[in-house]
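Asker: First the structure, which I've put down as structure tokens, then a few questions once you've had a look.
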Amino acid sequence: MTTVRLTAAQAMVRYLANQMTEEGVPFIAGVWAIFGHGNVAGMGEALAGIRPDLPTYRGQNEQSMAHAAIAYSKQLRRSRAMAVTSSIGPGALNMVTAAALAHVNRLPVLFIPGDVFANRGPDPVLQQIEDFGDGLASVNDCFRPVSRYFDRISRPEHLLTALPRAMRTLTDPADCGPVTLAFCQDTQAEAYDYPESFFEPKTWHWRRPRPDENEFERAIAAIRAAKNPVIVAGGGVHFSGATGTLAAFASRHNIPVVETQAGKSALPWDHASNFGPVGVTGASSANAVCENADLVIGVGTRFQDFTTGSWALFKNPARRILSLNVQPYDSAKHEAIPLVSDAKVGLELVGAALGDHRFRGVDASLKEDWFANADAVTAAPKDGNLLPTDMQVIGAVQRASRDNTVVMCAAGTMPGELHQLWKAGRPLSYHMEYGFSCMGYEIAGGLGIKMAEPDRDVIVMIGDGSYMMMNSELATAVAMGVKITVVITDNRGYGCINRLQMATGGEQFNNLYAHTNQANPMQIDFAAHAAAMGADARKVSSIADLEAALNGAREAKVATVIVIDTDPYPTPEGGGYWWDVAVPEVSTRAEVTQARAAYEAALKERR
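Heads up, the sequence shown is in full-length UniProt numbering, so the first residue is 1 and it goes up one at a time.
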């Protein structure tokens, strides 16, 4: 057996550089790194030596670096991924939030945090926690519940089994998610005689599981027995590359389709079968269809509470659920009829079994009425003296968008209003992180999207609250020459949660800056802040000026930031759905008492 002597860190990066996709490119497209004492000597030296084959990128924050990596993979339908390495201690813990985001959204990312000394010589090493009852514990154990696969590399030869297991998880359609390889810092630098065969290029194939025969027969029987079925399209439709298959299936069998946050853009907004966004942030058209449905066919959705209206949306007493999902855990939720399969393969087989069977469909005027309402609230304001609404901002961005535009967001007001109002065209033109709804994902995510698809026009929609939480990768985008457009809607606080607070009977408290404990009024010049990081930044005062600035951003040489003040109170009327947010049973406020009564009445609708 021919061997080569390498440090464990050198062996890791060499192996990763040789794991290929079916298209013949490395599956790990690059490594985001912030070096500290726990990874600079081992991983740092190894990455420097393999730069031509495995590029390294330097971010400003470990969490936001990981967000960029996750967005990169999501935009490419999980066909490629990135790795993220940090030192031990705070650097590692910064990545745990991102790991949870990837775990919830079923997205591949490889975390390589430095770890304590395996030999326990300098014990405790700088930044090492000490568990009085567990000598094996380190901060990296926090990754365990938010990793699909976790391993601690404390000997160089551990890589011979750990790395193939990691790759299997990263490329498995059912188990896909974050992998953590906690890498002891002394082990990174230790040498070992690795088999040369370990580093031979290997191609990883994306499996497409076919349904079990018995499950398939039950699913077909359920569909044929239905009178008013509806398809709930989730993110799995995108990951499977099943958007065209879904469109053909829905058209052939005349079944209405509604879209989750992750599934939006599965069908073009104007496709005859697309009745719009569903659930708490949904359209009246989609929710009306779902209320009447006797068979809810989930395709690639995990049926999150925003999708189901906390399970109060599907009101038909005869309602049944059929869940087509590659992950058995998701397919069996809420006593659904499971159909464990790849989405594309499953739809093709179900379609063939149904033949020319068609349903009566639903009233198309539901959709027409909804989009008439959406057009009205997103139109440019006639009164220029009022603060613009977030809905009007969305309208301006929509009018300035092009066929290659990707609009993205993650948390706050914008996700709900974009889900309801944005007219998504081609698949993956709408990129929303709403599984974890992680404030701070936006700018880093926009960076990752643009790195994944450089020809796309990426527009990041972000509120002032999220911008304040995590904005530093804007400097990275400028430095790397990655041109994105960031629209900051400044409503002077957390407008979304303030409205929720009011809706549950609470007084306005600690959300908008005006209602916080402060000695001096908050006055943040976001345009100046963004400009200080090198962005082409400006503040506009009207929707007309916003549209002009968006059109001008196409000619900018660097990332563009446009700031506009908005009214924190208005939201779209006619859409949305109830969501279970528990209201206090006892309060001195009459508004809370009234909200509690409404809450208890709504609970009775849950099934």
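Cβ coordinates follow ideal geometry from the N, Cα and C atoms, glycine included.
Could you give the first and the last residue of the continuous beta strand (DSSP E) run that contains residue 320?
Answerer: Here residue 320 is taken as the residue at index 320 of the sequence shown, counted from 1. That run of the beta strand (DSSP E) goes 320-325.
Asker: Can you find the residues in the same chain that come closer than 7 Å, C-beta to C-beta, to residue 572, ignoring five residues on each side of it along the sequence?
Answerer: As a working note, residue 572 is residue 572 in the sequence shown. Contacts found: 377, 391, 417, 420 and 421.
Asker: According to the Cβ coordinates, are residue 68 and residue 444 closer than 8 Å?
Answerer: Indexing the sequence shown from 1 puts residue 68 at position 68. Indexing the sequence shown from 1 puts residue 444 at position 444. Judged by beta-carbon spacing, residue 444 lies within the 8 Å limit of residue 68, meaning their Cβ atoms are closer than that value.
Asker: The beta strand (DSSP E) spanning residue 86 covers which residue range?
Answerer: The residue you call residue 86 lines up with position 86 of the sequence shown. Its beta strand (DSSP E) spans residues 81-86.
Asker: Can you tell me where the beta strand (DSSP E) with residue 142 in it begins and where it stops?
Answerer: Along the sequence shown, read from residue 1 onward, the residue named residue 142 stands at position 142. Neither: residue 142 is in no beta strand (DSSP E) and is coded neither H nor E.
Asker: Assuming the contact rule is C-beta atoms closer than 8 Å, residue 488 and residue 563 should be a hit. Round their C-beta distance to whole Å, please.
Answerer: Position 488 of the sequence shown, counted from the start, is the residue given in the question as residue 488. Position 563 of the sequence shown, counted from the start, is the residue given in the question as residue 563. Distance from residue 488 to residue 563 at the Cβ level is roughly 5 Å; contact confirmed, criterion being Cβ atoms closer than 8 Å.
Asker: Since I believe residue 313 is in contact with residue 279 (beta carbons under 8 Å), could you give me their beta-carbon distance rounded to a whole number of angstroms?
Answerer: Here residue 279 corresponds to residue number 279 of the sequence shown, with the count starting at 1. Here residue 313 corresponds to residue number 313 of the sequence shown, with the count starting at 1. Yes, they are in contact, since the Cβ atoms of residue 279 and residue 313 sit about 6 Å apart, within 8 Å.
Asker: Among 38, 53 and 543, which one has its Cα closest to the Cα of residue 394?
Answerer: Taking the sequence shown and counting its residues from 1, the one referred to as residue 394 is at position 394. Comparing Cα-Cα distances from residue 394 to each of 38, 53 and 543, the minimum goes to 543.
Asker: Taking only three categories from DSSP, how would you classify residue 274?
Answerer: Along the sequence shown, one-based indexing puts residue 274 at 274. The answer is strand: DSSP assigns residue 274 an E or B state.
Asker: Per DSSP, what kind of secondary structure is residue 202 in: helix, strand or coil?
Answerer: Position 202 of the sequence shown, counted from the first residue, corresponds to residue 202. Here residue 202 sits in strand by DSSP.
Asker: Does the distance from the CB of residue 255 to the CB of residue 350 come in under 8 Å?
Answerer: Reading the sequence shown from its first residue, position 255 is the one you call residue 255. Reading the sequence shown from its first residue, position 350 is the one you call residue 350. Cβ atoms of residue 255 and residue 350: not closer than 8 Å.
Asker: Excluding sequence positions up to five away, which residues of its chain have a Cβ less than 6 Å from the Cβ of residue 92?
Answerer: Position 92 of the sequence shown holds residue 92. Only 86, 113, 139 and 140 meet the Cβ criterion.
Asker: From residue 584 to residue 516, what distance separates their C-alpha atoms?
Answerer: Along the sequence shown, one-based indexing puts residue 584 at 584. Along the sequence shown, one-based indexing puts residue 516 at 516. Looking at the two C-alpha atoms, the distance is approximately 22 Å.
Asker: Pick out the complete alpha helix (DSSP H) segments inside the UniProt domain "Thiamine pyrophosphate enzyme central" (217-348), 4 residues or longer, and give them in chain order.
Answerer: Restricted to the UniProt domain "Thiamine pyrophosphate enzyme central" (217-348), the alpha helix (DSSP H) segments that are unbroken, complete and at least 4 residues in length are 235-239, 243-253, 284-292, 305-308 and 328-331, listed in chain order.
Asker: Just to confirm my understanding: we take residue 457, look at its own chain, exclude 5 residues before and 5 after, and list those with CB closer than 8 Å. What are they?
Answerer: Sequence index remark: in the sequence shown, residue 457 carries index 457 (1-based). So the qualifying residues of the chain are 401, 402, 404, 405, 406, 485 and 554.
Asker: Any idea if residue 501 is buried or exposed, counting beta-carbon neighbours within 10 angstroms, 16 or more meaning buried?
Answerer: Start at 1 with the first residue of the sequence shown, and residue 501 comes out as number 501. Buried is the call here.
Asker: With distances taken from CA atoms, which of 305, 427, 424 and 194 is nearest residue 2?
Answerer: Mapped onto the sequence shown, residue 2 falls at position 2. If we check each option's Cα against that of residue 2, 194 comes out closest.
Asker: Going by alpha carbons, who is nearest to residue 387 out of 440, 567 and 58?
Answerer: Looking up residue 387 in the sequence shown gives position 387. When only C-alpha atoms are compared, the closest one is 567.
Asker: Could you give the distance in angstroms between the alpha-carbon of residue 428 and the alpha-carbon of residue 265?
Answerer: Translated into the one-based positions of the sequence shown, residue 428 becomes position 428. Translated into the one-based positions of the sequence shown, residue 265 becomes position 265. So the two alpha carbons sit approximately 6 Å from each other.
Asker: Between which residues of its own chain and residue 105 is the CB-CB distance below 8 Å, once the five residues before and five after are set aside?
Answerer: Looking up residue 105 in the sequence shown gives position 105. Result list for residue 105: 70, 74, 235, 262, 433, 435 and 436, in chain order.
Asker: In terms of alpha-carbon separation, which member of 56, 528, 177 and 525 lies closest to residue 32?
Answerer: On the sequence shown, position 32 is the one that residue 32 refers to. Checking every option, the nearest Cα to that of residue 32 belongs to 56.
Asker: Cutting at 7 Å between CB atoms, please list the residues of its own chain near residue 534, excluding the five before and the five after it.
Answerer: In the sequence shown, the residue the question calls residue 534 occupies position 534. Taken in chain order, the residues that qualify are 475, 478 and 558.
Asker: Would you mind sorting residue 357 into buried or exposed? The rule is 16 or more other CB atoms within 10 Å of its CB.
Answerer: Start at 1 with the first residue of the sequence shown, and residue 357 comes out as number 357. Its Cβ having fewer than 16 others within 10 Å, residue 357 is exposed.
Asker: Are the region 176-186 and the region 208-216 touching, with three or more C-beta to C-beta distances below 8 Å?
Answerer: no
Asker: Just to confirm the assignment: which complete beta strand (DSSP E) runs, minimum length 3, are found wholly within the region 99-167?
Answerer: 109-115 and 149-153
Asker: For residue 383, is the beta carbon positioned less than 7 Å from some heavy atom of the ligand MN?
Answerer: As far as ligands go, the structure on display features none, and thus does not contain the ligand MN.
Asker: With DSSP collapsed to three states, give me the class of residue 431.
Answerer: As a first step, residue 431 must be located in the sequence shown, where it is residue number 431. Strand at residue 431.
Asker: Would you please state the rounded distance, in angstroms, between the beta carbons of residue 28 and residue 54? I believe it to be under 8 Å.
Answerer: Translated into the one-based positions of the sequence shown, residue 28 becomes position 28. Translated into the one-based positions of the sequence shown, residue 54 becomes position 54. Cβ atoms of residue 28 and residue 54 come within 8 Å of each other, at about 7 Å.
Asker: In chain order, which beta strand (DSSP E) runs of at least 3 residues are fully inside the region 526-587?
Answerer: 536-540 and 560-565
Asker: Compute the distance between the beta-carbons of residue 472 and residue 94, then report whether it is under 8 Å.
Answerer: As a position in the sequence shown, residue 472 is number 472, starting the count at 1. As a position in the sequence shown, residue 94 is number 94, starting the count at 1. Going by C-beta atoms, residue 472 is not nearer than 8 Å to residue 94.
Asker: So what does DSSP say about residue 386, is it helix, strand or coil?
Answerer: Counting from 1 along the sequence shown, the entry for residue 386 is found at position 386. Note: residue 386 maps to coil in three-state DSSP.
Asker: For residue 532 and residue 538, I'd like the C-alpha separation in whole angstroms.
Answerer: In the sequence shown, the residue the question calls residue 532 occupies position 532. In the sequence shown, the residue the question calls residue 538 occupies position 538. Looking at the two C-alpha atoms, the distance is approximately 12 Å.
Asker: Our contact map puts residue 299 next to residue 258 with C-beta atoms below 8 Å; I'd like the distance itself, whole angstroms only.
Answerer: For this step, residue 299 is matched to residue 299 along the sequence shown. For this step, residue 258 is matched to residue 258 along the sequence shown. The pair is not a contact, with the Cβ atoms about 11 Å apart (cut-off 8 Å).
Asker: Please report how far the alpha carbon of residue 245 lies from the alpha carbon of residue 84, in whole angstroms.
Answerer: For the purposes of this step, residue 245 is taken as the residue at position 245 of the sequence shown. For the purposes of this step, residue 84 is taken as the residue at position 84 of the sequence shown. Looking at the two C-alpha atoms, the distance is approximately 34 Å.
Asker: At the level of alpha carbons, what is the spacing between residue 293 and residue 226?
Answerer: By one-based count along the sequence shown, residue 293 stands at place 293. By one-based count along the sequence shown, residue 226 stands at place 226. Residue 293 and residue 226: Cα-Cα distance of roughly 9 Å.
Asker: Between which residues of its own chain and residue 430 is the CB-CB distance below 7 Å, once the five residues before and five after are set aside?
Answerer: Working through the sequence shown from its first residue, we reach residue 430 at position 430. Same-chain partners within the cutoff: 264, 265, 407, 422 and 424.
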